[in-house]
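Using this note's numbering, the first residue of the sequence shown is number 30, and each one after it goes up by one.
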Amino acid sequence: MSQAIEYEKIGDVAVLAANNPPVNALGLEIRKGIINGLESAEVDGAKAVLIYGKGRTYFSGADIREFGKPPVRPFLPDVCDRIESSPLLVVSALHGAALGGGLEVALSSHYRIAIPTTRIGFPEVNLGLIPGAGGSQRLPRISGVSAALEIITSGRHVLAPEALELGILDEVQDGDPCEIGLSYVQALLQRSAPRRPISELPSPAGIDFDAACEAMLKKGRGQLSGAVAVRAVQAACEADSFAAGLARERELFLELMGTDQRKGLIHAFFAERAVAKLPELKGVEPRILHQVGVVGGGTMGAGIASAVLLAGLPVVMLEMSHEAAYAAKNRIASNLNGAVKRGKLSQSDFDEILQDRLVLAIDYGALSNVDLVVEAVFEDMEVKKQVFSSLDAVCKPGAVLATNTSYLDINEIGATTSRPQDVIGLHFFSPAHVMKLLEVVVADETSLEVMATGFALGRRLGKVSVRAGVCDGFIGNRILNTYRACADHMVLDGATPYQIDKALTDFGFAMGPFAVSDLAGLDIGWAMRKRKRAEGLNPQARDSTYADKLCEAGHFGQKTGRGYYVYEPGKRTGTPNPDVMSLVEADRDAQGIVARSFSDEEILRRYMASMVNEAAKVVGEGIASRPLDVDVTLLFGYGFPRFFGGPLKWADLQGLPGILEDIRKWSNEDSFFWQPAPLLEQLVSEGKTFEDLNAHN
Ligand code: COA
């Protein structure tokens with residue numbers, strides 16, 4: 030008997046206990062073990078079989094690590110059919126997560142009982158797949174098509190009480206899964222409950238599947254799996270038999286298994302988990318955090334304070350005056366109010382946070398007892414230095430001193446203190462209580478313990494934390510500045526901002542770069558350009574002034590109602606601003622540029638190549654530890670379409686030689702901008718991919 034499934038006969042009941050930590054994924058040994066267990070039960074004289082999971086969960090799903098490798102028998106659909114067709118009564122007792130293949134095993138069982146905290150669902154669409162072992166055929170037969178479609182196409186986790194209401198579970202009861210399972214089996218045997226194969230239920234009534242498919246395609250912005258899932262559920266309604274429906278599901282599943290989208294989404298799944306696993310942090314204990322300080326209560330500081338308060342930690346908010354402190358409190362209250370409306374915070378917790386856990390202060394002395402302080406003041410080196418020398422004077426020894434700077438040199442900031450080992454960058458993204466990304470920026474002197482504390486805080490706040498090194502813009506903004514510059518160059522050379530935005534939303538970005546600038550505020554880019562010009566631009570670097578002209582006229586994007594687009598009051602999407610192209614043309618004339626046309630394909634190739642090239646520099650220089658750190662940064666902070674897995678996964682899937690060839694070709698027209706990254710050249714010459722670098726770490 031396989032160890033992955035432990036077999037024991039208790040009275041009339043054969044108990045199959047899954048023992049495949051950490052999450053009882055349905056790998057080969059588990060699949061074999063279930064089949065062997067059923068065979069043993071059938072020859073052992075058992076009357077019923079109980080299936081449950083040892084440890085933290087029932088089967089959490091198929092073993093994702095096996096996807097993309099040659100499948101090995103028994104396949105999961107065969108295991109499910111074997112369970113359902115067993116002559117014995119088969120019952121599953123669920124706890125933890127019964128997701129994907131796990132739910133399919135449960136649905137193949139004749140009865141299902143679960144403890145109340147169990148989560149069920151079909152997350153396959155988020156991995157670029159659909160249920161592949163009968164889930165799309167069995168679920169609609171017991172929950173109806175609407176509920177099944179919603180669950181399968183959203184991938185959401187459904188809690189046991191809701192699943193009970195939907196008829197997906199038969200019983201919900203608190204207790205140990207083995208114990209509640211056994212007594213449920215006994216009760217079923219006592220009342221001679223029949224076997225109940227879902228496959229024998231009639232086909233469910235259909236809906237307008239073409240419309241549902243169309244809606245999913247639109248919602249997925251190019252992601253296919255949701256729309257394909259609709260077609261699989263359609264087969265449950267329309268196929269001639271259950272077996273024919275299963276065959277259709279299998280066919281669709283295998284089609285998706287071969288797509289780049291599946292590869293990208295599974296890369297994203299593992300990258301998101303790998304990003305916080307850094308060899309240098311192994312065994313390093315973070316410092317304990319009881320109280321956090323925030324300096325500066327503008328949009329960013331208030332967002333950071335809100336995130337910390339929502340995670341249950343008290344905050345001291347330092348501002349320059351009573352008025353500013355109250356304004357900060359109002360911003361925080363408004364953020365938290367949003368959390369109350371979304372059901373993430375109770376009214377009583379809201380009241381308690383504002384009354385007891387948020388302390389307003391206008392004197393640095395109030396920060397003498399905090400364990401970590403995040404500075405979120407104006408983005409100016411002199412101002413930051415003053416803040417840090419004040420913090421150095423008042424904060425207790427061992428307090429972590431963090432800056433939320435987006436691009437300034439944290440080594441320089443640390444050097445103004447007597448304790449640079451305690452100084453770190455914690456770069457949040459706006460709105461900080463919503464956006465998932467946190468760049469943990471490690472300066473030359475930052476201690477490992479302080480870095481571990483940054484990651485621990487990120488985890489506590491529910492963020493995805495990425496380690497970054499010090500450079501202008503760290504990982505994300507540095508790469509953004511490059512691909513944004515590429516977009517500006519294309520506008521100068523003949524494309525329009527609107528054509529570029531459209532090409533990129535067609536690619537899968539939620540917004541194009543010009544719409545993003547309008548949202549963030551054009552003044553941000555303006556300030557950056559002024560700073561860079563003041564520092565002295567390289568004479569070979571291209572520059573443009575049309576965006577400055579918009580700012581000079583007081584147009585900062587959405588917040589002023591006008592930028593690249595014009596926004597009706599209260600609307601968040603706009604129409605092209607008719608003034609923009611004449612500003613662009615004036616710029617072209619001044620620089621003697623004759624506009625040429627760009628195809629959408631060329632726009633995409635240039636934009637993506639500039640992103641990949643800068644990302645390769647960021648990895649090559651050690652600013653990002655691995656390619657996957659760049660991927661996660663762009664996925665969680667910059668709206669990169671998840672189904673491509675991130676820019677470097679996308680590059681691997683495209684093939685690196687073609688991207689390098691483009692860059693070399695374009696360097697003939699602009700050798701300053703299109704300098705190939707040494708790492709990209711090295712990978713191409715060695716016939717390697719970015720993924721090879723992920724695997725070596
Ligand atoms: N196959 C292979 N490995 C899996 C896995 C799966 N289906 N699900 C989780 N793991 C691994 C994770 O990669 C992680 O490995 P690591 O410790 O080496 O990083 C470990 O199991 C724990 O997972 P994690 O997500 O950190 O634990 P959690 O308690 O936060 O969440 C789940 C548990 C099951 C809810 C979550 O892992 C999950 O959603 N898994 C995917 C389930 C899924 O999509 N199933 C359908 C597949 S068809």
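Even glycine gets a Cβ: it sits at the ideal position worked out from N, Cα and C. Remember, it's a predicted structure, so these values are computed and weren't measured experimentally.
What span of residues does the alpha helix (DSSP H) with residue i cover, start to end?
i, result
"ILE553", "551-564"
"ILE181", "174-183"
"ALA126", "ALA126 -> not in any alpha helix (DSSP H); beta strand (DSSP E) instead, spanning 126-128."
"VAL647", "629-649"
"GLY666", "656-666"
"ASN155", "Unbroken run through ASN155: none, as it is neither H nor E."
"SER335", "328-339"
"LYS717", "Taken as a continuous stretch (DSSP letters only), LYS717 belongs to no alpha helix (DSSP H), as it is neither H nor E."
"PRO526", "526-536"
"ASP385", "Unbroken run through ASP385: none, as it is neither H nor E."
"GLY505", "505-522"
"LEU281", "271-286"
"GLU581", "575-581"
I'd like the span of the beta strand (DSSP E) that includes residue i, first residue to last.
i, result
"GLU404", "401-404"
"TYR36", "34-39"
"ARG148", "148-150"
"ALA395", "No beta strand (DSSP E) holds ALA395; DSSP gives it neither H nor E."
"MET346", "344-347"
"LEU294", "Here LEU294 belongs to no beta strand (DSSP E); instead the alpha helix (DSSP H) covers 289-303."
"VAL623", "Taken as a continuous stretch (DSSP letters only), VAL623 belongs to no beta strand (DSSP E), as it is neither H nor E."
"GLY322", "321-324"
Going by DSSP, name the residue or residues bridged to residue i.
i, result
"SER121", "ILE80, ARG141"
"VAL201", "ALA143"
"TYR594", "PRO605"
"LEU45", "TYR36, ILE80"
"ARG496", "VAL469"
"ALA91", "LEU55"
"VAL416", "None; VAL416 has no bridge partner."
"VAL313", "The partner list for VAL313 (beta bridge, DSSP) is empty, contrary to what the question assumes."
"VAL187", "ILE149"
"ALA653", "ALA497"
"GLY599", "BP columns for GLY599 are empty, so no partner."
"GLY586", "ARG591"
Would you kindly work out how many angstroms separate the C-alpha atoms of residue i and residue j, rounded to a whole number?
i, j, result
"VAL479", "VAL321", "14 Å"
"PRO60", "ASP110", "According to the sequence as given, residue 60 is Arg; it is not Pro. Near 12 Å, if we compare the C-alpha coordinates of ASP110 and ARG60."
"ASP616", "ALA582", "16 Å"
"VAL470", "ALA514", "24 Å"
"GLU710", "VAL661", "23 Å"
"GLY150", "CYS242", "20 Å"
"SER714", "MET540", "35 Å"
"ILE453", "TYR436", "13 Å"
"ALA645", "LEU677", "8 Å"
"PRO426", "PRO526", "51 Å"
"LEU338", "ILE144", "31 Å"
"TYR575", "ASP608", "10 Å"
"TYR36", "ALA43", "7 Å"
"ALA356", "ALA444", "32 Å"
"SER114", "TYR81", "18 Å"
"PRO568", "ARG560", "16 Å"
"LEU217", "VAL257", "38 Å"
"ASP421", "LEU467", "24 Å"
"LEU347", "HIS124", "45 Å"
"PRO190", "GLU58", "32 Å"
"VAL187", "ASN155", "15 Å"
"MET519", "ASP658", "28 Å"
"MET245", "GLY255", "6 Å"
"PHE673", "GLY649", "22 Å"
"GLY157", "LEU689", "28 Å"
"GLY651", "ILE317", "29 Å"
Under 6 Å from any heavy atom of ligand 2, does the C-beta of residue i make it?
i, result
"PRO308", "Looking for ligand 2 in the displayed structure turns up nothing; the ligands present are ligand 1."
Practice prompt. Scan the segment 675-712 and note each continuous alpha helix (DSSP H) run of 4 residues or more that stays entirely inside, going in chain order.
Written response: 676-683, 685-695
Worksheet item: Could you give the uninterrupted runs of the beta strand (DSSP E) lying entirely in the segment 420-486, keeping only those of 3 residues or more?
Response: Runs found: 429-432, 452-457, 466-471.
Worksheet item: Where in the segment 341-381 do unbroken runs of the beta strand (DSSP E), each at least 3 residues long, occur, reported from the N-terminal end onward?
Response: Those beta strand (DSSP E) runs which fall completely within the segment 341-381 and span 3+ residues are 344-347.
Worksheet item: Curious, which full-length beta strand (DSSP E) runs of at least 3 residues does the segment 218-256 contain?
Response: none
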